[in-house]
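Going left to right, the sequence shown walks through residues 4 to 279 as this note's numbering numbers them.
Backbone N, C-alpha and C define an ideal beta-carbon position, used for all residues, glycine too.
Some notes on the structure that comes next.
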Amino acid sequence: MDEREKSTVGFLLILPALTILAVLYIYPLVRSIAVSFTTDEGVLTFANYKKVFDLYLKDILYTLFITAITVGITFVISIIISSYLRFKEWKFLDYMYRLPLFIPFLIVGHAMRIFLAPHGTLNSLLTRLLGMKELPGLSGSWVGLVITFVWVMTPFSTLIILGAFRALDDSYIEAAINLGSSKWKVIKDIMIPLTRPSIMVALVLTFVRTISSLTIPLMVGPNKPNMITVDMMFRVNYFRDWGVANALGVISYLIVLGLAVYYLKFMMAERGGLKA
Numbered sequence: 004m005d006e007r008e009k010s011t012v013g014f015l016l017i018l019p020a021l022t023i024l025a026v027l028y029i030y031p032l033v034r035s036i037a038v039s040f041t042t043d044e045g046v047l048t049f050a051n052y053k054k055v056f057d058l059y060l061k062d063i064l065y066t067l068f069i070t071a072i073t074v075g076i077t078f079v080i081s082i083i084i085s086s087y088l089r090f091k092e093w094k095f096l097d098y099m100y101r102l103p104l105f106i107p108f109l110i111v112g113h114a115m116r117i118f119l120a121p122h123g124t125l126n127s128l129l130t131r132l133l134g135m136k137e138l139p140g141l142s143g144s145w146v147g148l149v150i151t152f153v154w155v156m157t158p159f160s161t162l163i164i165l166g167a168f169r170a171l172d173d174s175y176i177e178a179a180i181n182l183g184s185s186k187w188k189v190i191k192d193i194m195i196p197l198t199r200p201s202i203m204v205a206l207v208l209t210f211v212r213t214i215s216s217l218t219i220p221l222m223v224g225p226n227k228p229n230m231i232t233v234d235m236m237f238r239v240n241y242f243r244d245w246g247v248a249n250a251l252g253v254i255s256y257l258i259v260l261g262l263a264v265y266y267l268k269f270m271m272a273e274r275g276g277l278k279a
């Protein structure tokens, strides 16, 4: 088989995957961008974007705020859990941190809405067991939304970071400890720097999953401001305004695209191709 035949066979093998990618991702993306720049009559316009920034600028900033806080807290908790399980074997924690991976977002949203409600499970436990006064309900607030997002996102992030930590050669860690380094210094100066690519993957996926979530902000978040996904749903369901909804979608694409560009530059820098 010559090189040309090999190339043809290779192309035919990946053709089904390329077709699925084109039909399920590329076409909807192009269509979404086109609709965001047209009126119902098909006339080119920027009115949809003007309406987005007039009505939803606060929601866009709120979405970035919630996503950034979620990513930051998730990162810290994931590093703590991963570091502990790297040095010590605790089967209970190893199993329990993965539990939210198998619970659908709809069930998580409903459970957290009950748990964080003004007279919900959390307040009942605090008043009956600790004798504390009832706290304001966190369900329907940005704090409750962040708590829910962190609970959902931490297992996925931890799974990636812990796998990277466990893949490290023990000789690096043992040498540092033998030279008098504390475990904290080992984590900060050896484990985290050596696993930066995996940590970056975990952070990027946490960001994307958070910013694209609809069920959790709809069930747990406040009425105002809303996350972008909730605004998109309302524009379609209540106003049949596909232009503005798609404009919001394009803005979310651009936000994620900016992160993707940074991620690619970071990975190239890690491999010695570019300066970060």
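Query, Result
"If you draw a straight line from the C-alpha of D97 to the C-alpha of W245, how long is it?", "45 Å"
"Is DSSP giving L119 helix, strand or coil here?", "coil"
"Specify whether the segment 142 to 161 and the segment 224 to 231 touch according to this definition: at least 3 beta carbon pairs, one from each stretch, less than 8 Å apart.", "yes"
"Could you give the first and the last residue of the continuous alpha helix (DSSP H) run that contains I190?", "First-last for I190: undefined, no H or E at that position."
"Considering only the beta carbon of each residue, do P103 and W154 sit closer than 8 Å?", "yes"
"With burial defined as no fewer than 16 other Cβ atoms inside 10 Å of the residue's Cβ, what is the status of K278: buried or exposed?", "Unreliable positioning characterises K278 in this predicted model, as indicated by a pLDDT of 44, which lies under 50. The coordinate reading is nonetheless provided below. Per the 10 Å Cβ criterion, exposed."
"As an exercise, report each continuous alpha helix (DSSP H) stretch of at least 4 residues that is fully enclosed by the segment 62 to 105, in chain order.", "94 to 99"
"Considering only the beta carbon of each residue, do M194 and T77 sit closer than 8 Å?", "no"
"Can you give me the C-alpha to C-alpha distance between Y59 and I258, rounded to a whole angstrom?", "15 Å"
"How is the alpha helix (DSSP H) around S142 delimited, first residue to last?", "Where S142 is concerned, there is no enclosing alpha helix (DSSP H), given that its DSSP letter is neither H nor E."
"Taking its Cβ as the centre, do 16 or more other Cβ atoms sit within 10 Å of M271, making it buried, or is it exposed?", "exposed"
"Can you give me the Cβ contacts of L27 inside the same chain, cut-off strictly under 6 Å, excluding the 5 residues immediately before and after it?", "none"
"Given a cut-off of 8 Å, decide if S160 and S81 are closer than it, judged by their beta-carbon atoms.", "yes"
"Within the continuous alpha helix (DSSP H) that includes V264, where are the two ends?", "245 to 273"
"Based on the DSSP secondary-structure assignment, which residues constitute the bridge partners of T41?", "L47"
"Keeping to the same chain, check which residues put their C-beta closer than 7 Å to that of M235; ignore five residues upstream and five downstream.", "A248, L251, G252"
"Would a C-beta distance cut-off of 8 Å place F210 and L262 closer than the cut-off?", "yes"
"DSSP on V59, reduced to helix/strand/coil?", "In the sequence on display, residue 59 carries Tyr and not Val. Three-state DSSP puts Y59 in coil, outside helix and strand."
"Hey, out of A25, G13, V12, I69, whose CA is closest to T232's CA?", "I69"
"Helix or strand or just coil, what does DSSP make of N126?", "helix"
"Leaving out five residues on either side along the sequence, give the residues of the same chain with a beta carbon under 8 Å from the beta carbon of A50.", "T42, G246"
"Tell me the rounded alpha-carbon separation between S215 and L182.", "46 Å"
"Please report the straight-line C-alpha distance between S35 and Y256, rounded to a whole angstrom.", "10 Å"
"Count the other C-beta atoms from every protein chain shown that fall within 10 angstroms of the C-beta of T213, then say buried if there are 16 or more, exposed otherwise.", "buried"
"Note down the Cα distance separating I180 from R169, rounded to an integer number of angstroms.", "17 Å"
"Let me confirm a value: L132 is counted as buried when at least 16 other C-beta atoms fall within 10 Å, else exposed. Which label applies?", "exposed"
"Tell me where the alpha helix (DSSP H) around P282 begins and ends.", "Not covered by the structure: residue 282. The range shown for the chain is 4 to 279."
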